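Numbering (my numbering), first residue to last: 1 to 169.
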């Protein structure tokens with residue numbers, strides 16, 4: 001028997017209340033603790049706009065070398081450049097701002113149907129170098145937090161790689 005991760009009561013969930021997920025998606029999330037949602041951004045023009053905006057931020061020097069904590073840097077573990085994204089700091093018509101709104105709507109749906117109780121989102125644009133840069137799964141719980149409610153509940157990764165193929169890894 002597989003232990004359920006989030007103790008969701010999916011029997012009472014009405015499919016009509018879901019915009020992003022199916023009951024099967026939520027069942028997989030509940031069972032395995034993660035969900036791969038291929039083609040969440042199923043709009044190639046929008047994806048191209050996101051990529052162009054991300055590249056502009058990088059070319060303008062807005063992304064900074066990522067550090068682990070207290071300015072500790074180990075490029076064998078983390079060689080990316082990052083920029084924290086905030087709705088209020090992005091232009092109204094920004095593709096990244098539109099993506100942040102979609103992520104927030106996704107969070108609200110999970111709160112509504114799954115009792116996740118997430119109160120906010122934080123978003124980061126990261127660029128990994130082509131010479132083997134990669135994401136390493138990790139926990140970012142706030143070391144100063146007194147409660148689990150302030151810890152991250154969900155991590156969402158979007159890859160905007162040009163011409164990426166499954167065999168690229």
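A virtual CB, placed ideally from N, CA and C, is assigned to each residue, including glycine.
Predicted model, so just to flag it, every value in this text is computed and none were measured.
- Message: For a test of the three-state rule: what should DSSP assign to residue 126, helix, strand or coil?
- Response: strand
- Message: Looking only at its chain, what residues have a beta carbon closer than 7 Å to the beta carbon of residue 82, apart from the 5 residues adjacent to it on each side?
- Response: 63, 64, 66, 124, 125 and 126
- Message: I need the boundaries of the beta strand (DSSP E) containing residue 81, first residue and last residue.
- Response: 81-85
- Query: What three-state label does DSSP hand residue 14 in the structure shown?
  - Reply: coil
- Proximity winner among 159, 112, 28 and 89, relative to residue 50 (alpha-carbon distances): 159
- Message: Please classify residue 53 as buried or exposed, where buried requires at least 16 other C-beta atoms within 10 Å of its C-beta.
- Response: buried
- Specify whether the region 107-124 and the region 11-28 touch according to this definition: at least 3 beta carbon pairs, one from each stretch, less than 8 Å apart. yes
- Would you kindly work out how many angstroms separate the C-alpha atoms of residue 30 and residue 103, rounded to a whole number? 19 Å
- Item | Assigned secondary structure, residue 65 (DSSP; H/G/I helix, E/B strand, else coil) | strand
- Among the residues of its own chain, which have a CB less than 8 Å from the CB of residue 10, if the five just before and after it don't count? 23, 26, 27 and 30
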